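Student: Shown below is the structure under consideration.
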Amino acid sequence: MKHTKNRTQTGFTLLELLVVLGIIAMLAGIVGPQVMKHMGESKTKAAKVQIEDLAATLDMYKLDVGSYPTSEQGLQSLVESPEGAARWNGPYLRKGKIPLDPWNQEYHYVSPGEHGKFDLFSLGSDAKEGGEGEDKDLVNWE
1 MKHTKNRTQT GFTLLELLVV LGIIAMLAGI VGPQVMKHMG ESKTKAAKVQ
51 IEDLAATLDM YKLDVGSYPT SEQGLQSLVE SPEGAARWNG PYLRKGKIPL
101 DPWNQEYHYV SPGEHGKFDL FSLGSDAKEG GEGEDKDLVN WE
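In UniProt numbering, the protein residues as written are 1 to 142.
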């Protein structure tokens with residue numbers, strides 16, 4: 001008498017794996033665009049916060065020196081003492097360097113500004129004037 005044992009194979013079939021991969025692909029197609037949309041919004045919000053912080057830092061500079069840096073001196077005067085600034089009490093930025101906007105571009109600074117004592121702005125993700133959505137310019141005067 002021979003004894004035969006029933007061998008049962010364990011694991012997933014190819015069909016089961018394909019169904020799971022199809023479900024994952026479908027979820028990625030639905031969720032992916034929503035995640036990317038929020039990433040763009042978060043960069044825009046981060047740029048707005050940085051512009052507000054830089055504007056406040058420029059105000060502290062003005063309290064010490066008596067005037068805002070000129071366009072030629074630029075934001076660099078928040079890190080290094082400009083020539084002729086007797087009461088400079090910096091560096092005014094914690095890390096000792098001027099931050100870049102979330103799209104790795106420099107912030108633009110003009111003093112005296114067209115919209116106030118100074119204009120501080122980022123050109124957005126496209127690095128061009130104007131634009132909509134993530135490409136919109138972010139400014140300190142609005």
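The beta carbon of each residue, even a glycine, is placed where N, CA and C say it ideally should be.
None of these values were measured; they are calculated from a predicted model.
Report, in whole angstroms, the separation of the C-beta atoms of E132 and L123, which I expect to be a contact under 8 Å.
Tutor: Rounded, the Cβ-Cβ distance is 13 Å, inconsistent with contact.
Student: Taking Y109 as part of the beta strand (DSSP E), name the residues at either end of that continuous run.
Tutor: 108–110 is the extent of the beta strand (DSSP E) around Y109.
Student: May I ask you to report which of helix, strand or coil DSSP gives L123?
Tutor: Coil, per DSSP.
Student: For G84, tell me which candidate among F118, T70, Y92 has the shortest Cα-Cα distance.
Tutor: Per the Cα distances, T70.
Student: Which runs of the alpha helix (DSSP H) spanning at least 4 residues fall entirely within the region 17–80, listed in chain order?
Tutor: Qualifying alpha helix (DSSP H) stretches: none in this window.
Student: Is the region 48–63 touching the region 87–95 in the sense that three or more CB pairs, one from each, lie closer than 8 Å?
Tutor: In short, these stretches touch, since the Cβ pair count reaches three.
Student: Are L138 and F118 closer than 8 Å when you measure CB to CB?
Tutor: Cβ atoms of L138 and F118: not closer than 8 Å.
Student: To which residues does DSSP link L14 through a beta bridge?
Tutor: BP columns for L14 are empty, so no partner.
Student: Should S67 go down as buried or exposed, given a rule of 16 or more other Cβ atoms within 10 Å for buried?
Tutor: S67 is exposed by the Cβ-count criterion.
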